[in-house]
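Residues in the sequence shown are numbered consecutively from 6, following our numbering.
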Amino acid sequence: MAPTFLVTGGAGFIGSNFVRHVLEHTDDQVVVLDKLTYAGDRRTLEGLPANRVRLVEGDIADAALVDGLVADLARDDGVLVHYAAESHNDNSLHDPSPFVQTNLIGTFTLLEAARRHGVRLHHISTDEVYGDLELDDPGRFTEATPYNPSSPYSSTKAGSDLLVRAWVRSFGVRATISNCSNNYGPWQHVEKFIPRQVTNLLDGVRPRVYGAGANVRDWIHADDHSSAVLRIIERGEIGETYLIGADGEKSNLEVVQALLSIMGRPEDDFDLVTDRAGHDLRYAIDSTKLRTELGWEPRSTSFADGLTRTVEWYREHEDWWRPHKDATERKYAEAGQ
Ligand code: NAD
Ligand code: TDX
C-alpha cells in the first residue's frame, strides 16, 4: 500500500479521528504508527477499509523502524503527521519519565528521519505550552504568546515544538505546527475530564471536580481539530504555527452542570475533590490567523449538542471504556480525587 500519510498516535483519541477524517475527505491512504500504550487501541480503527489504512505497532523512538516508514513515505511524497504523545497531565505528575521519552526523544527521532528523507511534517501540539491566563484576563493565546509551560506534560510538549522549530531553521525541514485547545468527542480515554464525568454519571457516581471548579478550558470537538489539521497540511505555510480553537471557553463547573442537565440530575450533584498540583487556571485560544489566512471555521459550534452526542456515544460504547474504568478510578482515589 502506498501511503500518503504516516500518522503517529493514530490509534489514540484525536489521531484516530484524523485518520477517519482523511478517509472521508480525501482519496489518500494512511499508515498509522502507534505503540498501543494504555491510551491506544486498535478498535479505534476498526471497520476502516484495509486497502486504505494499515496499523504498524511500534514506538516513535525506535529509530530503525521510523527510518524505514519515513523512507517509504518519501517515495510517495507523503506527509508525516505527528500525534503520538503521552497526553495526560495527571499522569505526568505521578511519573514524568514516559513523557520525556515519547514527547521529546520520540519527536527528535521523527525529526531526524524527516530530515534524512526530506519529508514534510505536521506536528500536533497543545495550547498548554503557553502556560495559563488569569480568570479575568481579557486576552487569549496567540501565535506570538511566549512559551511558559507548567507541568511535565506541557513542558515536554513545549520542548517538542521547539525541536521542530529548530529543525526548520537549522536543517530546512519542511514542517508546520498546530497548538489546539481541549478536545472532546468519542474515543477519549476515561482518565480525561469529560469522559470521566460522563462514565461516572452513567455508573450513578457523582462527578469529581478539582479544587473549586473555577478553572477554564476552551473546548473544541475533535472533528473540528481534524478539519483544521488537514487544512493546515493542504494550505499552511512551511515554518508557520497555527492556533486551533472554537471559542469554547467554559469553567469546569459549567461543563459538569451541562452534563448533569443532559443526564437529568440536580445541578449540585457533584463532589469537589483535591486540586491538581500546579493546576493551570485558564486556557483561551485566538484562532484568527487560521481563520483569516486559511479560511478554516469550526462546524460543531453548539457545545450542548456536541456534549449530548458524546454522552450518547459513551452510553453505546460501554464495552470499550468499561475495562479501563476501575483501574483509572483506583488511581484517582489514591490521590484523593
Ligand atoms: P491519547 O493519549 O488519546 O493518544 C495518544 C496515542 O499515542 C495513543 O494511541 C498511544 O498509544 C500513542 N503513543 C503514545 N506513546 C507512543 C510512542 N512512544 N510511540 C508510538 N505511539 C505512541 O492522546 P490524544 O488526546 O489523542 O492526543 C493526541 C495529540 O494531540 C497529542 O500530541 C496531544 O498532546 C495533542 N493534543 C491533545 C489535546 C486534547 O485535548 N486531548 C489538545 C491539544 C493537543
Ligand atoms: O476528574 C477530573 N476533574 C477535574 O476537575 C479531571 C480528570 C480533570 N479535571 C479538571 C482539570 C482541568 O482543569 O478538568 C480540566 C480538564 O482536565 P483534563 O481532561 O485532564 O485536560 P487538561 O489537563 O486541560 O489537558 C487537556 O487539554 C490539553 C489534554 O489532556 C491535553 O492532552 C491537551 O494538551
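We put the beta carbon where it would ideally sit given N, CA and C, even for glycine.
*Kindly examine the ligand NAD and report whether one of its heavy atoms sits closer than 7 Å to the Cβ of ASN56.*
Reading the sequence shown from its first residue, position 51 is the one you call residue 56. No.
_Meets three-Cβ-pair contact criterion under 8 Å: the segment 262-276 and the segment 152-159_ = No, the segment 262-276 does not touch the segment 152-159.
*Let me know the secondary structure DSSP gives SER175 once reduced to three states.*
Reading the sequence shown from its first residue, position 170 is the one you call residue 175. If DSSP states are grouped into helix, strand and coil, SER175 belongs with the helices.
_Proximity to LYS40 [Cα-Cα], best of ASP95, GLY52, GLN106, ASP32_ = Sequence index remark: in the sequence shown, residue 40 carries index 35 (1-based). Measuring from the Cα of LYS40, the nearest candidate turns out to be GLN106.
*Could you check the C-alpha separation between ARG211 and HIS26 for me, to the nearest Å?*
Here residue 211 refers to the residue found at position 206 when the sequence shown is read from its first residue. Here residue 26 refers to the residue found at position 21 when the sequence shown is read from its first residue. Straight through space, the alpha carbons of HIS26 and ARG211 are spaced by roughly 34 Å.
*Just curious, the beta strand (DSSP E) that THR131 is in, first and last residue?*
As a position in the sequence shown, residue 131 is number 126, starting the count at 1. Taken as a continuous stretch (DSSP letters only), the beta strand (DSSP E) holding THR131 covers 125-131.
_Cα-Cα separation between PRO54 and ILE238, rounded to whole angstroms_ = Here residue 54 is taken as the residue at index 49 of the sequence shown, counted from 1. Here residue 238 is taken as the residue at index 233 of the sequence shown, counted from 1. Straight-line Cα distance between these residues: approximately 23 Å.
*Is it the case that the Cβ atoms of ARG213 and VAL260 are separated by a distance below 8 Å?*
Counting from one through the sequence shown, the residue named residue 213 turns up at place 208. Counting from one through the sequence shown, the residue named residue 260 turns up at place 255. Not closer than 8 Å, so no.
*What residues in its chain sit with their C-beta under 6 Å from that of ASN257, if we drop five residues either side in the sequence?*
As a first step, residue 257 is located in the sequence shown; it is residue number 252 there, counting from the start. Answer for ASN257: VAL214, GLY218, ASN220, listed in chain order.
*Verify whether the separation of the beta carbon atoms of HIS128 and ASP166 is less than 8 Å.*
The residue labelled residue 128 in the question sits at position 123 within the sequence shown. The residue labelled residue 166 in the question sits at position 161 within the sequence shown. In this structure, the beta-carbon distance from HIS128 to ASP166 falls below 8 Å.
*asked:* Starting from ALA66, trace the beta strand (DSSP E) in both directions and tell me its first and last residue.
replied: For this step, residue 66 is matched to residue 61 along the sequence shown. For ALA66, there is no enclosing beta strand (DSSP E), as DSSP marks it with neither H nor E.
*Does the distance from the C-beta atom of PHE146 to that of LEU248 stay below 8 Å?*
Residue 146 sits at position 141 when you count from the first residue of the sequence shown. Residue 248 sits at position 243 when you count from the first residue of the sequence shown. Yes, these two residues count as a Cβ contact at 8 Å.
*Which partner residues of TYR215 appear in the DSSP bridge assignment?*
Mapped onto the sequence shown, residue 215 falls at position 210. Note: TYR215 sits in a beta bridge opposite VAL278.
*How far does the beta strand (DSSP E) with ILE249 in it reach, from first residue to last?*
Counting from one through the sequence shown, the residue named residue 249 turns up at place 244. If you look at ILE249, you'll find it in the beta strand (DSSP E) that goes 246-249.
_Per-residue burial, ILE19 [other beta carbons within 10 Å of its own, 16 or more giving buried]_ = In the sequence shown, residue 19 corresponds to position 14, counting from 1. By the 10 Å Cβ count, ILE19 comes out buried.
*State buried or exposed for HIS284, treating a residue as buried only when at least 16 other CB atoms are found within 10 Å of its CB.*
Your numbering for residue 284 matches position 279 in the sequence shown. Counting of Cβ neighbours within 10 angstroms places HIS284 among the exposed residues, the total staying below 16.
*For the ligand TDX, any of its heavy atoms closer than 7 Å to the Cβ of LYS197?*
Start at 1 with the first residue of the sequence shown, and residue 197 comes out as number 192. LYS197: yes, Cβ under 7 Å from the ligand TDX.
_Rounded C-alpha distance that separates LEU286 from VAL35_ = For the purposes of this step, residue 286 is taken as the residue at position 281 of the sequence shown. For the purposes of this step, residue 35 is taken as the residue at position 30 of the sequence shown. Each residue's CA atom was taken as its position, placing LEU286 and VAL35 some 37 Å apart.
*Can you have a look at ASP142 and say buried or exposed, based on whether 16 or more other CB atoms are within 10 angstroms of its CB?*
As a working note, residue 142 is residue 137 in the sequence shown. Counting C-beta atoms within 10 angstroms of its own C-beta, ASP142 has fewer than 16 neighbours from the protein chains shown and is therefore classed as exposed.
*Where does THR13 fall in DSSP's three states?*
In the sequence shown, residue 13 corresponds to position 8, counting from 1. Note: THR13 maps to strand in three-state DSSP.
*Would you give the residue range spanned by the alpha helix (DSSP H) that ILE267 belongs to?*
Locating residue 267 in the sequence shown gives position 262, counting from the first residue. Note, ILE267: alpha helix (DSSP H), 257-267.
*With a cut-off of 8 Å, do at least 3 Cβ pairs link the segment 58-76 to the segment 191-210?*
No: fewer than three Cβ pairs fall under 8 Å.
*Based on Cα-Cα distance, which residue from GLY311, GLU298, TRP325, ALA282 lies nearest to GLY264?*
For this step, residue 264 is matched to residue 259 along the sequence shown. With the sequence shown as reference, residue 264 is identified as Leu, and Gly is not the correct amino acid for it. Per the Cα distances, GLY311.
*Can you give me the start and stop residues for the alpha helix (DSSP H) that ALA289 sits inside?*
Within the sequence shown, residue 289 is the residue found at index 284, counting from 1. That residue, ALA289, is in no alpha helix (DSSP H); it is neither H nor E in DSSP.
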